[in-house]
Amino acid sequence: NKAFQQNQKSEDLSQQLEHGMVSTPSPISGEAVSAKPSEDIVTKRKVAPPDDREDNKGKKQDVRTSRDYYFDSYAHHGIHEEMLKDEVRTRTYQTAILQNAHLFQDKIVMDIGCGTGILSMFAVQAGAKHVYAIDCSSIITQAQKIVDKNGYQDKITLIR
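Each residue of the sequence shown is one higher than the last, beginning at 1 in the UniProt record's numbering.
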């Protein structure tokens, strides 16, 4: 029964991800809040992507926010190369995940801010049934190539 409930939760999450709808605890009230990608997760107000905003004359304008700059900084390969070359850091994550394989065995895992997907691949190596790897930056394109080259395309779904 417990396994059925866990499987049902995994299927529900998969369907939510496929339909662009996720539910998460509100950082303010702690209650579950559902929001579409075009809604603010806390207020549930419609949020236009930066390239869809118009100035007071009805012309499209590129309005970049600190959020845009933050996520763009992770789109550059240099920051990821630096993190991957930090062997102590990378091996520590790998060891922690693989030595706790019992926590990953047959589980659905979500890697938020996946970058190159290295931790997602460690999760699969530890026995994860499937990993949903999510990143807001364009590094996700490189992550897909890495996942494919390592043969994990059936176990890791990348989402931007």
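For glycine and all other residues, C-beta sits at the position ideal for the given N, C-alpha and C. For clarity, every value in this text was computed on a predicted model and none was experimentally measured.
Less than 7 Å between C-beta atoms, sequence neighbours within five positions excluded: which residues of the same chain meet that for residue i?
{"i": "residue 187", "result": "This structure gives no information on residue 187, because the portion of the chain shown stretches from 1 to 160."}
{"i": "tyrosine 152", "result": "Met121, Val124"}
{"i": "asparagine 150", "result": "Met121"}
{"i": "isoleucine 146", "result": "Thr116, Gly117"}
CB-CB under 6 Å to residue i, same chain, minus the five flanking residues each way: which ones, in chain order?
{"i": "alanine 126", "result": "Ile97, Leu98, Ala101, Phe104"}
{"i": "alanine 133", "result": "Asp111, Cys114, Gly117, Ser120, Ile156, Leu158"}
To the nearest angstrom, how far is the alpha carbon of residue i from that of residue j?
{"i": "isoleucine 139", "j": "isoleucine 108", "result": "22 Å"}
{"i": "threonine 90", "j": "lysine 129", "result": "22 Å"}
{"i": "aspartate 135", "j": "arginine 160", "result": "5 Å"}
{"i": "threonine 95", "j": "alanine 123", "result": "11 Å"}
{"i": "tyrosine 93", "j": "aspartate 154", "result": "23 Å"}
{"i": "threonine 141", "j": "aspartate 86", "result": "22 Å"}
{"i": "glycine 20", "j": "valine 131", "result": "In this predicted model, glycine 20 has a pLDDT of only 46, less than 50, meaning its place in the structure is not dependable enough to derive any value."}
Report buried or exposed for residue i, applying the criterion of at least 16 other Cβ atoms within 10 angstroms of its Cβ.
{"i": "glycine 115", "result": "buried"}
{"i": "tyrosine 70", "result": "Residue confidence is low: tyrosine 70 scores 46 on pLDDT, short of 50, so the model does not pin down where it sits. Its coordinate-derived value is still stated next. Exposed is the call here."}
{"i": "aspartate 148", "result": "exposed"}
{"i": "valine 88", "result": "exposed"}
Are residue i and residue j close, meaning C-beta to C-beta below 8 Å?
{"i": "isoleucine 156", "j": "glycine 117", "result": "yes"}
{"i": "serine 120", "j": "aspartate 106", "result": "no"}
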